[in-house]
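J.:
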Amino acid sequence: MFTKEQQLIESKIKEFCAANELPLAELKWQPIPFAGEWGFATSFFQTAANEARAGMGGKIPVPQRAQQIAEQIRGQIGRVEGISRIDAVKGYLNLYFSTSAYASRVVDEVLAARLDFGRGAPKSERVMVEYAQPNTHHSFHIGHARNTILGEALARLVEFAGYETIRASYPGDLGLGVITVMWIYEKFYKGQEPAGVHERGQWMLKLYVEATALLEKKENETPEETAQRESYEAERREMYRKWDAGDADVRELWRVTREWSLEELRDVLRMLDVKIDVWFYESDVDAPSKAIVDELIARDIATDERPQGGAVIVKIDEKLGLTKEKYRTNVILRRDGTTLYLTKDLALAKVKFEEHHVDRSIYVVDVRQSLHLQQAFAILKLWGFPQADKCYHLGYGFVSLPEGAMSARRGRLVLFKDVADEAVKRVLAVETEKSADIPADEREKIATQIGMGALVYSMLSVDNNKDIVFDINEALSFDGRTGPYIQNAYVRANSILKKSKVEGQKSGDLRPSTFDYDLTNHEIELIEKISRFPQAVEQAANEYRPLVMAAYVYELANTFHSFYHAVNVMQTEDENIKNSRLRLVAAAKQTIENALRLLDIQAPDVM
RNA sequence: GCCCUUAUAGCUUAAUGGACAAAGCAACGGUCUUCUAAACCGUCGAUCUAGGUUCGAUUCCUAGUAGGGGCACCA
Numbered sequence: 004m005f006t007k008e009q010q011l012i013e014s015k016i017k018e019f020c021a022a023n024e025l026p027l028a029e030l031k032w033q034p035i036p037f038a039g040e041w042g043f044a045t046s047f048f049q050t051a052a053n054e055a056r057a058g059m060g061g062k063i064p065v066p067q068r069a070q071q072i073a074e075q076i077r078g079q080i081g082r083v084e085g086i087s088r089i090d091a092v093k094g095y096l097n098l099y100f101s102t103s104a105y106a107s108r109v110v111d112e113v114l115a116a117r118l119d120f121g122r123g124a125p126k127s128e129r130v131m132v133e134y135a136q137p138n139t140h141h142s143f144h145i146g147h148a149r150n151t152i153l154g155e156a157l158a159r160l161v162e163f164a165g166y167e168t169i170r171a172s173y174p175g176d177l178g179l180g181v182i183t184v185m186w187i188y189e190k191f192y193k194g195q196e197p198a199g200v201h202e203r204g205q206w207m208l209k210l211y212v213e214a215t216a217l218l219e220k221k222e223n224e225t226p227e228e229t230a231q232r233e234s235y236e237a238e239r240r241e242m243y244r245k246w247d248a249g250d251a252d253v254r255e256l257w258r259v260t261r262e263w264s265l266e267e268l269r270d271v272l273r274m275l276d277v278k279i280d281v282w283f284y285e286s287d288v289d290a291p292s293k294a295i296v297d298e299l300i301a302r303d304i305a306t307d308e309r310p311q312g313g314a315v316i317v318k319i320d321e322k323l324g325l326t327k328e329k330y331r332t333n334v335i336l337r338r339d340g341t342t343l344y345l346t347k348d349l350a351l352a353k354v355k356f357e358e359h360h361v362d363r364s365i366y367v368v369d370v371r372q373s374l375h376l377q378q379a380f381a382i383l384k385l386w387g388f389p390q391a392d393k394c395y396h397l398g399y400g401f402v403s404l405p406e407g408a409m410s411a412r413r414g415r416l417v418l419f420k421d422v423a424d425e426a427v428k429r430v431l432a433v434e435t436e437k438s439a440d441i442p443a444d445e446r447e448k449i450a451t452q453i454g455m456g457a458l459v460y461s462m463l464s465v466d467n468n469k470d471i472v473f474d475i476n477e478a479l480s481f482d483g484r485t486g487p488y489i490q491n492a493y494v495r496a497n498s499i500l501k502k503s504k505v506e507g508q509k510s511g512d513l514r515p516s517t518f519d520y521d522l523t524n525h526e527i528e529l530i531e532k533i534s535r536f537p538q539a540v541e542q543a544a545n546e547y548r549p550l551v552m553a554a555y556v557y558e559l560a561n562t563f564h565s566f567y568h569a570v571n572v573m574q575t576e577d578e579n580i581k582n583s584r585l586r587l588v589a590a591a592k593q594t595i596e597n598a599l600r601l602l603d604i605q606a607p608d609v610m
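Each position in the first sequence, counted from 1, maps to that position plus 3 in the working numbering.
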């Protein structure tokens, strides 16, 4: 936000160093880590070290020499417009901004840009984010929720940073798991179907668990039990074969049951405010992927071992000329001619590149599939796609429960819908106690915003590569470093502005901010935090880390709460100061709103 | 065996090649006739071990220890 001053000073420093033959190191700017006054700083340790290495300086230790340089440069720079003071401290050069000029600049910029405050300049690259890839015929659990929330936040960040962004979902709608549910439905439950989208989804999960139990080999089976199990198994295999052969009845059953799952998925995405642009289904790329196998064989990328009774494989390391094993070798077509996950991922990538003209492709997928995706990217490179280098696997740690990994078979599964319902229930209980004045018809809506805010924030406030042990009480906590804490800061800002309108001021009528009074530390810190939002957006988007934004907005909310407590805006006597403070509150509210939106968290007006 | 990943306060998590390692929870103690206390203020408390690189390492490198994950016809 203040690059102009920075550039001016940089050029002065470079001038000075050139004149004095100082081997200046790259200048890195950072905020001065001292609350109470804003500014930016750089250090000269590296320069002093360069000098010592070149044998140019005396025998002064680096820190002291850095301080000398900082002092000399300080003397050299002189007065700069907008900079009130320059200090040389412990090897650092600290430049302090003029208080009122800086404050009004920040606040006016936020209020001019509004929802666009922090938005990056448009970039030419088209980015696709693939997330929300649950399997059909199964229910959406809390692990899927982490994936979807992470992907959505990432898509919003990348989009806001200036990239054209496409959101893609890739549900797994085929495979043995799918057939298993279809088999038991056909055999024991045909014609049944619970009312309610989520009830039906969860019912299918129940069928899956039951079917798995029937098909699983048990210890000490009687001969009759073994025969029974084997006959079930044969039926399932036969159903899979028929599906693959395109049998009309089996395909119809598949279409119907698959739609039950997709309806549930669409509702979950609606709850999470996720709007997918492109739907890819595993079943869509199954057939095209077989053609790809032939192409890869023809190009001598893949090796066909079918004549020897084997599969079609790609010796990735060998083809890349690697001597050390890295990507190893993988199968792209089974000996029976059916495709694998890898085959389909290759076909999908081709569609992404050729039909959607994607320059950069981000895969938000569980970290356990890291090798698999690296293999896929390596094959894409062998295949000659230039975008292969811009395929990025955003791996995230997996979600488990205090009692261990989630497992449908063991009945150890936490479903997203259950957690979301529980969240709303808990918020409603708090609301009844604390916000009795909220009209009944609004309560449910606000409770949903807050409950989901708590859940979403708990998922985003942990870095991507960390595992999460899901504890519902922690995830739905409303105290401390949580979504509701941040939403509450927004609500408080809103209530001040509302009150100011009641008393006759419209925020639109406020004069431009002057801030020509002695600002309190609380105001100074709040302005400092607001001014850092654009950098937080950039960093979060560049590093693919929603956590950066989650941490930022918590700090912003925390600073606002402190300010709120220490400074009573509406009781400010001086009209000019009050005006400036109202502008500051409006800027803080806007920044919190923008940050929350990037995290897929809604900002309620009251709570 | 090889590869990836993690190790920070009692617990859950941040940050950083350099100016005091930051929060929340828990514990303890304060603050509501006030712009709604889902808040604020205070106390206590931490960089796994050993080497190396560097003027400077908690951060980078190597090894070790401990946890998690992966390694061709599952997805």
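Every residue gets a Cβ at the ideal spot worked out from N, C-alpha and C, and that includes glycine.
Grab the span of the alpha helix (DSSP H) containing residue 180 for me, first residue to last.
T.: Where residue 180 is concerned, the enclosing alpha helix (DSSP H) stretches over 179 to 187.
J.: Measuring CB to CB, does residue 137 end up less than 8 Å from residue 197?
T.: no
J.: Using the beta-carbon count (16 or more within 10 Å), is residue 58 buried or exposed?
T.: By the 10 Å Cβ count, residue 58 comes out exposed.
J.: Let me make sure I understand the geometry here. Which of 242, 375, 232 has the alpha-carbon closest to that of residue 184?
T.: 242
J.: Name the two residues that bound the continuous alpha helix (DSSP H) containing residue 480.
T.: It is not in any alpha helix (DSSP H) - residue 480 carries neither H nor E in the DSSP assignment.
J.: Name the one or two DSSP bridge partners that residue 20 has.
T.: The partner list for residue 20 (beta bridge, DSSP) is empty, contrary to what the question assumes.
J.: For residue 463 and residue 568, what's the separation of their Cα atoms in angstroms?
T.: 27 Å
J.: Taking 8 Å as the cut-off, does the stretch 309 to 317 touch the stretch 362 to 373 (at least 3 CB pairs, one atom from each stretch)?
T.: no
J.: Per the DSSP calculation, residue 89 is bridged to which residue(s)?
T.: Beta-bridge partners assigned by DSSP to residue 89: 98.
J.: Comparing alpha-carbon positions, which option in 545, 538, 530 lies nearest residue 586?
T.: 530
J.: Relative to the C-alpha of residue 204, which residue among 457, 271, 62, 337 is closest?
T.: Per the Cα distances, 271.
J.: Exposed or buried, which one is residue 127 when buried takes at least 16 other CB atoms within 10 Å?
T.: exposed
J.: Can you tell me which of the three DSSP states residue 32 falls into?
T.: In the three-state reduction of the DSSP assignment, residue 32 falls in the coil class, being assigned neither a helical nor a strand state.
J.: Evaluate residue 170 with the Cβ neighbour count: other Cβ atoms within 10 Å of its Cβ, from every protein chain shown; 16 or more gives buried, anything less gives exposed.
T.: buried
J.: In whole angstroms, what is the alpha-carbon distance linking residue 477 and residue 483?
T.: 11 Å
J.: With H, G and I counted as helix, E and B as strand and the rest as coil, what does DSSP make of residue 193?
T.: In this structure, residue 193 counts as coil in the three-state DSSP scheme.
J.: Quick one: what does DSSP say residue 369 is sitting in, helix, strand or coil?
T.: If DSSP states are grouped into helix, strand and coil, residue 369 belongs with the strands.
J.: Under DSSP, the alpha helix (DSSP H) around residue 556 begins and ends at which residues?
T.: 549 to 569
J.: Report the rounded CA-to-CA distance for residue 145 versus residue 479, giving the unit in angstroms.
T.: 13 Å
J.: For the stretch 176 to 196 and the stretch 151 to 166, state whether three or more C-beta atom pairs, one from each stretch, are separated by less than 8 Å.
T.: no
J.: Out of 181, 95, 554, 41, which has the shortest C-alpha to C-alpha gap to residue 85?
T.: 41
J.: Which of helix, strand or coil does DSSP assign to residue 597?
T.: helix
J.: If you compare alpha carbons, which of 360, 337, 491 is closest to residue 608?
T.: 491
J.: For residue 48 and residue 80, I'd like the C-alpha separation in whole angstroms.
T.: 19 Å
J.: Let me make sure I understand the geometry here. Which of 499, 432, 387, 455 has the alpha-carbon closest to that of residue 349?
T.: From the listed residues 499, 432, 387, 455, the smallest Cα separation to residue 349 is found for 387.
J.: Could you tell me the boundaries of the alpha helix (DSSP H) in which residue 316 lies?
T.: Not the alpha helix (DSSP H): residue 316 falls in the beta strand (DSSP E), residues 315 to 318.
J.: Figure out for me which residue from 228, 347, 46, 315 has the closest Cα to the Cα of residue 75.
T.: 46
J.: Where does residue 142 land, buried or exposed, given buried means 16+ other C-beta within 10 angstroms?
T.: buried
J.: Would you grab the beta carbon distance between residue 620 and residue 536 for me? Rounded to a whole angstrom, and I think it's under 8 Å.
T.: The chain is shown only over 4 to 610; residue 620 falls outside these bounds and no answer can be derived.
J.: Report all residues from its chain with a CB closer than 8 Å to the CB of residue 77; omit the five preceding and five following residues, and keep chain order.
T.: 89, 90, 91, 96
J.: Opposite residue 414 in the DSSP bridges: which residues?
T.: Per DSSP, none; premise fails for residue 414.
J.: Rounding to the nearest angstrom, what Cα-Cα distance links residue 53 and residue 102 in this structure?
T.: 35 Å
J.: Is the separation between the beta-carbon of residue 319 and that of residue 382 shorter than 8 Å?
T.: yes
J.: Would DSSP call residue 46 helix, strand or coil?
T.: Three-state result, residue 46: strand.
J.: Can residue 603 and residue 404 be called in contact, C-beta distance under 8 Å?
T.: no
J.: How would you label residue 135, buried or exposed, when you count the other beta carbons within 10 angstroms and need 16 or more for buried?
T.: buried
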